[in-house]
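Single-structure report; data block below.
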Amino acid sequence: MAQAKAGDTIKMHYTGSLEDGSVFDSSKDRAPLEFELGSGQIIPGLDAAVQGMAEGEEKTVTIPAGEAYGDHHPERVQAVPKAQFPDHIPTEVGTQLQVQTPDGQAIPVVVADVTEDAVMLDANHPLAGKDLTFAVEIVGISRAA
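Take the sequence shown: its position 128, counting from 1, is numbered 568 in my numbering, and each next residue is one higher.
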């Protein structure tokens with residue numbers, strides 16, 4: 441049976457979980473994830489783990505943070521004075537917002553903490569700094585042309 445190699449189009453079901461076993465994403469109740477192997481369309485560690493797998497093969501892999509969404513960078517967490525937030529913008533912890541840089545770039549952030557005077561905004565990916573475990577099943581491999 442053919443093994444997945446760079447350039448192939450892969451169809452894969454997966455369930456991603458954290459160290460505590462909580463599931464952060466799964467394709468089980470929807471169409472399989474389809475991507476080109478080796479193209480950078482999925483996180484590097486998972487891309488590498490799929491290399492050499494065959495259609496119908498299943499395995500569970502743990503991807504270290506550095507090969508997933510990277511390390512958590514404290515400098516990407518900023519305190520913004522509460523007075524700068526209009527009343528209509530929610531500031532509850534966990535709220536996802538977008539901020540705009542001076543050059544007009546939109547950056548997704550999450551409200552990480554709220555104090556009496558400030559709102560802490562975190563621009564790290566929500567899974568940054570976390571090792572991720574994926575249970576994967578290859579359901580299709582289409583050879584590169």
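Where a beta carbon is used, it is the ideal one built from N, C-alpha and C, also for glycine.
Please read all numbers here as calculations on a predicted model, not as lab measurements.
- Close CB contacts of Gln518 within its chain, under the 6 Å cut and outside five residues either way in sequence, are with Leu561 (chain order).
- Excluding five sequence positions before and after Glu474, the CB atoms of its chain that fall closer than 6 Å to its own CB belong to Lys451, given in chain order.
- Straight-line spacing of the CA atoms in Ala471 and Asp527 works out to 40 Å.
- Taking a cut-off of 8 Å on C-beta distances, the stretch 489 to 496 does not touch the stretch 530 to 542, as fewer than three cross pairs fall below it.
- Of the candidates Tyr454, Asn564, Pro514 and Ser479, the residue whose Cα lies closest to the Cα of Gln536 is Asn564.
- The beta carbon of Ser582 sits closer than 7 Å to those of Asp448 and Thr449, all from its chain and outside the five residues before and after it, given in chain order.
- In the same chain as Glu515, and ignoring 5 residues on each side of it, no C-beta atom comes closer than 8 Å to its own.
- The beta carbons of Ala568 and His512 sit closer together than 8 Å.
- Closest by C-alpha distance to Ala446, out of Thr502, Gln481 and Ala575, is Gln481.
- Going by C-alpha positions, Val559 is about 18 Å away from Ala546.
- Proximity to Ala575 across Val490, Ile529, Val520 and Pro566 peaks at Val490, based on C-alpha coordinates.
- Counting along the chain, the unbroken alpha helix (DSSP H) around Ala489 starts and ends at Pro484 to Val490.
- Here Leu572 has Gly456, Ile503 and Ala508 as same chain residues with Cβ atoms under 6 Å from its own Cβ, once five neighbours each way along the sequence are excluded.
- The DSSP assignment places 517 to 521 and 536 to 540 as complete runs of the beta strand (DSSP E) inside the stretch 517 to 547, in order along the chain (cut-off: 3 residues).
- Bounds of any beta strand (DSSP E) do not take in Lys570, whose DSSP letter is neither H nor E.
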